[in-house]
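Read through the structure below, which is laid out as structure tokens, and then see the notes.
Right under this line is the structure:
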């Protein structure tokens, strides 16, 4: 079984991301990390490799430095990594990313399953997984918390974790999945894994290697700004008994007229 | 400006953000509502009553269970002949997929989680949060139709006019499903945090009450029962921090924060939640934030308007009783 985990490198969620005076997004000295949602995709891929045998390839679009995110996936247990990097990919939108990923997936030789995190921490749109499925013409199984493969390259049955409840869905492979937290906590890189990752050679493919030209950008950023700061000073409610505190707090809540 | 509104529903239960989208669409002129499904007469009727001038409906057994592929193909076919300038959606797991796929078919783009929309002659510009709301971006879609999914509760819901009708247009479904829905498990109750006007949440602190003499899970269960009672009196939903979800106190569907749901209710009451940044980014846009925590130094108090330093096991039931009286329940 061949599984491709698509990952992205993003600023750490603890990072104080803001717009600097030069109008660019900055996150100071905070490290760039593998998108936390994508760790679930790598975890899901590794679970399926353990259950069915096969290989896991970590695929990433980004600058040369994004190899660090791939190395994280390798240290977790992925077998290979591929980086797609090209200066023409600056300002790539989600549909463009999907088209590039689809080309890279084809160059890898296809897969039984392609797994994504459900969204990225930076843009957060969650569009690339379904757009990649559409570009490949494969079924999309989104928000997956449990995976069961039936037969070596037959069908896959998943539990989708939706707002309305858990939905059980079946599709033929190859399929694209986006994975959510219910899959289980992502494993920590092992010592051996880290050593293996540090020695790994990660091929870098350009658009020319993929045989495609840069996708047309339809969605582009016009400007960015810092959200208005909210000056909140917490008013602490005190009292002799829990009942007195609750009564005072209830008064305050009612006075705000939000109910 | 030709505006279409996609009415998102789950087995006939309309996602309320659909009506907010319809209300926004009306500010740009006449709107057509798009309704897909099987046996959706009630949804069509509601769309007219909320203000749709036209309802384009694909009512077909092939669309009975939502699947991204047939819905996207049906929408793409309709939009390539109907040529709307703008298609508005509420933001849900379904509409992210549907808009993503259909926009790819039509070589256009999607703007998600949008909080403001400006319509120009040849482009649509929106405001949307990025980096978990740490930065706002103005983004342009330069192709047509622009697919825009609106953040829940960012736009007002329009009034209902009972009995209002309009033009009904029937459309053909594209039956190209690539997956089969086998069923739903009822083990987890439906949770729709995005639309809740009140959310009462619990964190790690719900298991902290040695005086009960119970184990960790049983204590947490008791804590969430108290939280649930308060939520029920306030007509709200129950949320949880990642710590509470990871510890198994409550299911993932309830998780507020970075890897869960970003919410903006009118009232958010955080109980026993210390306030990791990953949680704060998920709830700090609530209109009124109240925090109850034993630790006066907990970061949650930096976001709260009102705070109580105390034991949630004592304060929450007292607050439930006090609110019950105030609300005349």
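Chains as they are written, first to last, in the numbering used here: chain A, 1 to 259; chain B, 1001 to 1329.
For each residue, glycine too, the CB sits at the ideal point set by N, CA and C.
Exercise. Taking one C-beta from the region 1270-1285 of chain B and one from the region 1240-1260 of chain B each time, how about it: are there three or more such pairs within less than 8 Å?
Worked result: yes
Exercise. Comparing alpha-carbon positions, which option in 1162(B), 1127(B) and 1302(B) lies nearest residue 1154(B)?
Worked result: Counting from one through the second chain, the residue named residue 1154(B) turns up at place 154. Among 1162(B), 1127(B) and 1302(B), the Cα nearest to that of residue 1154(B) is on 1127(B).
Exercise. Would you report the Cα separation of residue 8(A) and residue 206(A), rounded to the nearest angstrom?
Worked result: As a working mapping, residue 8(A) is identified with position 8 in the first chain. As a working mapping, residue 206(A) is identified with position 206 in the first chain. C-alpha separation (whole angstroms): 17 Å.
For this session: Give the interface partners of residue 1293(B) over in chain A, defined as CB-CB distance under 7 Å, in chain order.
Result: For this step, residue 1293(B) is matched to residue 293 along the second chain. Correct list: empty, because the minimum Cβ distance to chain A is about 11 Å.
Exercise. Can you list the alpha helix (DSSP H) stretches of 4 or more residues lying completely in the region 1224-1272 of chain B, in chain order?
Worked result: Within the region 1224-1272 of chain B, the complete alpha helix (DSSP H) runs of at least 4 residues are 1242-1246.
Exercise. Got a sec: is the Cβ-Cβ distance from residue 126(A) to anything in chain B below 8 Å?
Worked result: What you label residue 126(A) is simply residue 126 of the first chain in a count that begins at 1. Output row for residue 126(A): interface = yes.
For this session: Could you say which of 1060(B), 1325(B) and 1081(B) lies nearest to residue 1173(B) if we only look at CA atoms?
Result: Along the second chain, read from residue 1 onward, the residue named residue 1173(B) stands at position 173. For the residues 1060(B), 1325(B) and 1081(B), the minimum Cα distance to residue 1173(B) belongs to 1060(B).
For this session: Report the partner residues of residue 1059(B) according to the DSSP bridge assignment.
Result: Translated into the one-based positions of the second chain, residue 1059(B) becomes position 59. Note: residue 1059(B) sits in a beta bridge opposite 1037(B).
Problem set entry | Chain-ordered residues of the region 35-55 of chain A with a beta carbon less than 8 Å from chain B | Answer set for the region 35-55 of chain A: 36 and 37.
Exercise. Do the region 1090-1108 of chain B and the region 83-103 of chain A touch if we need at least three Cβ pairs shorter than 8 Å?
Worked result: yes
Exercise. Is there a Cβ from chain A that is less than 8 Å from the Cβ of residue 1089(B)?
Worked result: If you number the second chain from 1, residue 1089(B) lands on position 89. By this cut-off, residue 1089(B) is not an interface position.
Problem set entry | Host alpha helix (DSSP H) of residue 1019(B) (start-end) | Counted from its first residue, the second chain places residue 1019(B) at position 19. Residue 1019(B) -> alpha helix (DSSP H) spans 1017-1026.
Problem set entry | Helix, strand or coil at residue 36(A) according to DSSP, with G and I counted as helix | One-based indexing of the first chain puts residue 36(A) at position 36. Correct three-state label for residue 36(A): helix.
For this session: Note down, in chain order, each residue of its chain lying with its Cβ closer than 7 Å to the Cβ of residue 1094(B), except the 5 sequence neighbours on either side.
Result: Here residue 1094(B) corresponds to residue number 94 of the second chain, with the count starting at 1. The answer, listed in chain order, is 1008 and 1066.
Exercise. Around the C-beta of residue 1134(B), are 16 or more other C-beta atoms found within 10 angstroms, so that it is buried, or is it exposed?
Worked result: Your numbering for residue 1134(B) matches position 134 in the second chain. By the 10 Å Cβ count, residue 1134(B) comes out buried.
Exercise. Can you find a C-beta in chain A that's less than 8 Å from the C-beta of residue 1283(B)?
Worked result: Here residue 1283(B) corresponds to residue number 283 of the second chain, with the count starting at 1. With 8 Å as the cut-off, residue 1283(B) does not count as an interface residue toward chain A.
Exercise. What residue from 1225(B), 1090(B), 1176(B) and 1082(B) has the CA that sits closest to residue 1157(B)'s CA?
Worked result: The residue labelled residue 1157(B) in the question sits at position 157 within the second chain. Measuring from the Cα of residue 1157(B), the nearest candidate turns out to be 1090(B).
Problem set entry | The beta strand (DSSP E) enclosing residue 1287(B), as first and last residue numbers | Walking along the second chain from the start, residue 1287(B) turns up at place 287. It is not in any beta strand (DSSP E) - residue 1287(B) carries neither H nor E in the DSSP assignment.
For this session: Residues of the region 1265-1276 of chain B with a CB closer than 8 Å to any CB of chain A: list them in chain order, please.
Result: 1266 and 1267
Problem set entry | Same chain, Cβ closer than 6 Å to residue 1269(B), five either side skipped, listed in chain order | Within the second chain, numbered from 1, the residue matching residue 1269(B) stands at position 269. Taken in chain order, the residues that qualify are 1200 and 1290.
Exercise. Would a C-beta distance cut-off of 8 Å place residue 1266(B) and residue 1288(B) closer than the cut-off?
Worked result: Here the question's residue 1266(B) lines up with position 266 in the second chain. Here the question's residue 1288(B) lines up with position 288 in the second chain. Yes, the Cβ-Cβ distance between residue 1266(B) and residue 1288(B) is below 8 Å.
For this session: Give a yes or no on whether 8 Å exceeds the smallest Cβ distance from residue 1001(B) to chain A.
Result: For this step, residue 1001(B) is matched to residue 1 along the second chain. Not a single CB atom of chain A sits nearer than 8 Å to the CB of residue 1001(B).
For this session: With 8 Å as the threshold, decide whether the Cβ of residue 1305(B) is near any Cβ in chain A.
Result: Along the second chain, one-based indexing puts residue 1305(B) at 305. Answer yes: the Cβ-Cβ gap between residue 1305(B) and chain A drops below 8 Å somewhere.
Exercise. Between which two residues does the alpha helix (DSSP H) carrying residue 104(A) extend?
Worked result: Against the first chain, residue 104(A) aligns to sequence position 104. Per DSSP, residue 104(A) belongs to the alpha helix (DSSP H) from 94-108.
Problem set entry | Neighbourhood of residue 23(A) by C-beta, 8 Å cutoff - its chain only, sequence neighbours within 5 removed | One-based indexing of the first chain puts residue 23(A) at position 23. These residues qualify, in order along the chain: 223 and 224.
Exercise. Which two residues bound the contiguous alpha helix (DSSP H) that contains residue 130(A)?
Worked result: Counting from 1 along the first chain, the entry for residue 130(A) is found at position 130. In the DSSP assignment, residue 130(A) falls within the unbroken alpha helix (DSSP H) covering 128-136.
Exercise. Among 1281(B), 1316(B) and 1100(B), which has the Cα closest to the Cα of residue 1293(B)?
Worked result: One-based indexing of the second chain puts residue 1293(B) at position 293. The residue with the shortest Cα to Cα distance from residue 1293(B) is 1316(B).
Problem set entry | For residue 193(A), the first and last residue of its enclosing alpha helix (DSSP H) | Here residue 193(A) corresponds to residue number 193 of the first chain, with the count starting at 1. Element bounds for residue 193(A): 191-199.
Exercise. Just how far apart, CA to CA, sit residue 1043(B) and residue 258(A)?
Worked result: Along the second chain, read from residue 1 onward, the residue named residue 1043(B) stands at position 43. Along the first chain, read from residue 1 onward, the residue named residue 258(A) stands at position 258. So the two alpha carbons sit approximately 29 Å from each other.
Exercise. Under 8 Å, do residue 249(A) and residue 1306(B) count as touching if we go by C-beta distance?
Worked result: For the purposes of this step, residue 249(A) is identified with residue 249 of the first chain, where counting begins at 1. For the purposes of this step, residue 1306(B) is identified with residue 306 of the second chain, where counting begins at 1. Going by C-beta atoms, residue 249(A) is nearer than 8 Å to residue 1306(B).
For this session: Answer yes or no: does any C-beta atom of chain A fall closer than 8 Å to that of residue 1116(B)?
Result: Within the second chain, residue 1116(B) is the residue found at index 116, counting from 1. Not one chain A Cβ lies under 8 Å of residue 1116(B).
Exercise. Can you find a CB in chain A that lies within less than 8 Å of the CB of residue 1028(B)?
Worked result: Sequence index remark: in the second chain, residue 1028(B) carries index 28 (1-based). Not one chain A Cβ lies under 8 Å of residue 1028(B).
Problem set entry | Selection from 204(A), 217(A) and 185(A) that minimises the alpha carbon distance to residue 76(A) | In the first chain, the residue the question calls residue 76(A) occupies position 76. When only C-alpha atoms are compared, the closest one is 185(A).
Exercise. For residue 108(A) versus residue 48(A), is the C-beta distance shorter than 8 Å?
Worked result: Here the question's residue 108(A) lines up with position 108 in the first chain. Here the question's residue 48(A) lines up with position 48 in the first chain. Cβ distance not < 8 Å, so residue 108(A) and residue 48(A) don't count as in contact.
For this session: Count the other CB atoms, across all protein chains shown, that sit within 10 Å of the CB of residue 1320(B); report buried if there are 16 or more and exposed otherwise.
Result: As a working note, residue 1320(B) is residue 320 in the second chain. Residue 1320(B) should be labelled buried.
For this session: Could you tell me the boundaries of the alpha helix (DSSP H) in which residue 183(A) lies?
Result: As a first step, residue 183(A) is located in the first chain; it is residue number 183 there, counting from the start. Per DSSP, residue 183(A) belongs to no alpha helix (DSSP H) and is neither H nor E.
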